[in-house]
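Accompanying notes for the structure given below.
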Amino acid sequence: MAGTMSSLFPSGPPLPAFQSLLVKGPHHPSAPIHLALSHAAQCPGTRILMITPSRETMAAALREHNDDWIATRSGTGDVLGLAGCSTVFYPPSPAHFSFLVEMLSTNTDGNNPTTVLAQAPSLVILVGLSAYFLEDVEMNPTGHPWTVSSYMTLVARTLASFAALSPTPIALALFDAHLDALKLPILKHPPSKPSKLENVAFYVQKYFELLAVFERDDDSFLSSSQEDEREMDSQQRNRMHLFRRGQPKPETWRWIERIEGGTVFVWDGIT
1 MAGTMSSLFP
11 SGPPLPAFQS
21 LLVKGPHHPS
31 APIHLALSHA
41 AQCPGTRILM
51 ITPSRETMAA
61 ALREHNDDWI
71 ATRSGTGDVL
81 GLAGCSTVFY
91 PPSPAHFSFL
101 VEMLSTNTDG
111 NNPTTVLAQA
121 PSLVILVGLS
131 AYFLEDVEMN
141 PTGHPWTVSS
151 YMTLVARTLA
161 SFAALSPTPI
171 ALALFDAHLD
181 ALKLPILKHP
191 PSKPSKLENV
201 AFYVQKYFEL
211 LAVFERDDDS
221 FLSSSQEDER
231 EMDSQQRNRM
241 HLFRRGQPKP
251 ETWRWIERIE
261 GGTVFVWDGI
271 T
């Protein structure tokens, strides 16, 4: 498969075909679900694998965001079909993550049944890997064990493991809303000699051909009355800058997330 052309939204423009996608910034929690659903719709019979640190964190974020499209279709074939073609793992630590991706196999001989896949996936989705590190970094800024390579190793092992799993290229999408907040040293020094911190996103981005950067777009909405303020309370303007490798200027997508019982997406244009 040369690449997958899918979407991060229930409606609106599709992404360009990609083999590797990084999504960072405050994306809607349902974006990985929409990517999986749209990919499955385009590729009947495919398998999708998702890996995220915490079932509870992901479920809570989806409940809070309350994507109207998903809520109204949760019992239909649109969503139930995803359950039939997807597998989700929740490794609770970087060590568990690394063990998992190295043990995944389509060979049943002598392998742990929990890591045997019915077939190689065509799309692997990683969600929120910075959660493995941010709490330690915030609680113990100089005493934690993590470096830039701690995060990079998770991505590199995923790429290597799935390259070995199938002769057909497997697309990889990494969603990490808090990646820009994660700053780690290249090398660890003794506490008496503070280590220089680096923006992990700078290094991670080099692995990916397509980069989607989500941002709030509040500067495009100026409140001039109480009515405007009430409208702002029920909606959020957002934008996404889409960078393609080799293209210096990104596309910018704009939309409104409006609360109408659930959250609905209203498109505002692409530039």
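Heads up, the sequence shown is in full-length UniProt numbering, so the first residue is 1 and it goes up one at a time. We treat Cβ as the ideally placed atom computed from N, Cα and C, and that holds for glycine.
Minimum C-alpha distance to residue i - residue among the options
i           : options                           : result
Ser20       : Ala171, His189 and Thr114         : Ala171
Ser54       : Ile270, Val127 and Ser161         : Val127
Trp255      : Asp218, Gly84 and Gly261          : Asp218
Trp263      : Val148, Ala131, Phe208 and Gln235 : The sequence shown places Thr at residue 263, rather than the Trp named in the question. It is Gln235.
residue 279 : Tyr151, Ile33, Leu49 and Gln42    : The first residue shown for the chain is 1 and the last is 271, placing residue 279 beyond what the model contains.
Val148      : Trp267, Leu182, Pro16 and Phe18   : Leu182
His96       : Tyr132, Gly246 and Asp176         : Tyr132
Ala17       : His27, Asp176 and Ser38           : Ser38
Asp180      : Tyr203, Leu165, Ala164 and Ser166 : Tyr203
Gly246      : Phe208, Arg258, Leu123 and Met240 : Phe208
Ser166      : Ser105, Arg216 and Asp268         : Ser105
Cα-Cα separation, residue i to residue j
i      : j      : result
Pro10  : Arg244 : 22 Å
His189 : Leu197 : 11 Å
Tyr90  : Thr52  : 5 Å
Arg63  : Ser30  : 10 Å
Thr72  : Asn66  : 10 Å
Pro248 : Ala40  : 31 Å
Pro113 : Pro194 : 45 Å
Asp136 : Val88  : 25 Å
Phe162 : Gly143 : 33 Å
Leu15  : Asn140 : 39 Å
Ser150 : Ala164 : 22 Å
Arg230 : Pro145 : Unreliable positioning characterises Arg230 in this predicted model, as indicated by a pLDDT of 46, which lies under 50. The coordinate reading is nonetheless provided below. One C-alpha to the other measures close to 46 Å.
Glu227 : Met240 : Confidence at Glu227 is low in this model, with a pLDDT of 44, below 50, so the placement of that residue is unreliable and no value is reported for it.
Chain-order list of residues whose beta-carbon lies under 8 Å from that of residue i (same chain, five-residue window excluded)
i      : result
Asn107 : Val116
Ile270 : Pro13, Glu251, Thr252, Trp253 and Arg254
Ser7   : Pro13, Pro14, Leu15, His34, Leu35 and Ser38
Beta-carbon gap between residue i and residue j smaller than 8 Å
i      : j      : result
Phe214 : Asn238 : yes
Leu159 : Ser98  : no
Ala177 : Pro44  : no
Glu260 : Asp109 : no
Neighbourhood of residue i by C-beta distance below 7 Å, restricted to the same chain and skipping five residues each side
i      : result
Pro121 : Arg47, Ile48, Leu49 and Ile170
Leu211 : Leu22, Gln205 and Phe243
Phe265 : Phe9, Pro10, Ser11, Gly12, Trp255 and Glu257
Val101 : Arg157, Thr158 and Ser161
Own chain residues within Cβ distance below 6 Å of residue i, not counting five before or after
i     : result
Met58 : Thr52
At what residue ranges does the segment 39-87 contain a whole run of the alpha helix (DSSP H), taking only runs of 4 or more? With a minimum length of 4 residues, the continuous alpha helix (DSSP H) runs that stay inside the segment 39-87 are 55-65, 68-73 and 77-85.
May I have a chain-ordered list of the beta strand (DSSP E) segments no shorter than 3 residues that lie completely inside the segment 162-219? Here the runs fully enclosed are 171-176, 183-185, 197-199 and 210-216.
Enumerate, from N- to C-terminal direction, the unbroken alpha helix (DSSP H) stretches of 4 or more residues contained entirely within the segment 86-126. Runs of the alpha helix (DSSP H) inside the segment 86-126: 94-103.
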